[in-house]
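Residue numbers (this note's numbering): 8 to 288. Each residue gets a CB set at the ideal place from its N, CA and C atoms; glycine is no exception.
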Ligand SMILES: C[S@@+](CC[C@H](N)C(=O)[O-])C[C@H]1O[C@@H](n2cnc3c(N)ncnc32)[C@H](O)[C@@H]1O
């Protein structure tokens with residue numbers, strides 16, 4: 008089988024498995040098994056796959072038919088142009104979360120040596136990206152679960168983010184709140200409401216429930232963070248959350264009840280209110 012045939016076969020198998028992004032995924036898989044760039048694939052599409060590559064392709068297609076996440080198969084995923092290790096035990100970075108990076112950069116523009124706190128850090132994709140892009144910043148990340156924290160530590164090294172550090176701790180106990188004067192507190196917390204966990208995508212079922220379940224109405228973490236961390240922000244500092252679909256209004260209400268001002272929300276690329284923010288008055 009040559010590369011072109013393998014690509015078509017992969018596309019067909021993924022489409023039959025009900026995978027929405029089957030064209031994108033088929034391209035990624037062919038790149039992964041051949042080690043070729045997009046341009047190299049175009050130049051070499053009649054090359055035959057080796058026996059090893061063909062076996063690898065068959066195994067990956069099987070895994071995807073079972074809806075095992077592509078991010079876990081690759082063991083890494085790109086977020087805002089940087090690569091992060093991922094695997095079982097940690098949530099894979101999502102493109103939606105890049106909305107938080109955009110909003111953070113807009114807020115941090117012109118600030119000198121900002122202090123940033125990333126709560127519920129997981130792979131560390133938010134904190135590490137900000138540490139890399141705002142080179143004079145200092146970033147502290149907080150993650151409760153050791154398995155996820157291990158990925159964040161590896162990702163700090165991988166991205167050479169010497170200005171980022173991670174502590175293992177619980178946001179319900181205010182871990183990381185001791186240090187005051189943060190310019191920005193950012194968090195993509197677990198936010199799926201209790202009764203809706205069964206409705207998540209088949210791939211998400213392989214990801215840790217502790218990264219997803221946000222309590223009865225999905226808003227437990229927002230209440231805890233707004234309550235425990237408001238005083239750790241500088242006056243004029245920003246609290247910035249990722250929101251699930253339809254949650255922005257509820258989060259704004261929480262921020263209002265804790266006395267924040269200039270409360271607002273920003274849309275992601277799909278027009279969903281994804282980033283909710285507020286300033287400490
Ligand atoms: C939705 S994931 C977000 C991960 C990462 N920030 C991202 O955007 O991809 C939420 C993360 O919160 C962590 N977490 C869950 N409960 C926590 C708690 N009580 N304190 C700190 N972290 C917690 C989970 O382990 C998970 O890594």
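Comparing alpha carbon positions, the residue from 110, 179, 75, 206 closest to residue 246 is 110.
Nearest C-alpha to residue 52 among 62, 69, 34, 58: 34. In the structure shown, residue 283 adopts extended strand secondary structure according to DSSP, grouped into three states. In this structure, residue 150 lies near residue 175, with their beta-carbon atoms less than 9 Å apart. Secondary structure at residue 164: helix, using DSSP grouped into helix, strand and coil.
One alpha carbon belongs to residue 94, the other to residue 124, and they sit about 24 Å apart. The DSSP assignment places complete alpha helix (DSSP H) segments of no fewer than 4 residues inside the region 176–250 at 227–236, in order along the chain. Taking 8 Å as the cut-off, one finds at least one heavy atom of ligand 1 near enough to the beta carbon of residue 133. For residue 148, the enclosing beta strand (DSSP E) has its first and last residue at 145–150. Short note on residue 200: C-beta not closer than 8 Å to any heavy atom of ligand 1.
Residue 281 sits close to residue 107, with the two beta carbons spaced by under 9 Å. Check the Cα spacing between residue 169 and each of 144, 190, 56: the tightest is with 144. Shortest gap from the CB of residue 217 to any heavy atom of ligand 1: under 8 Å.
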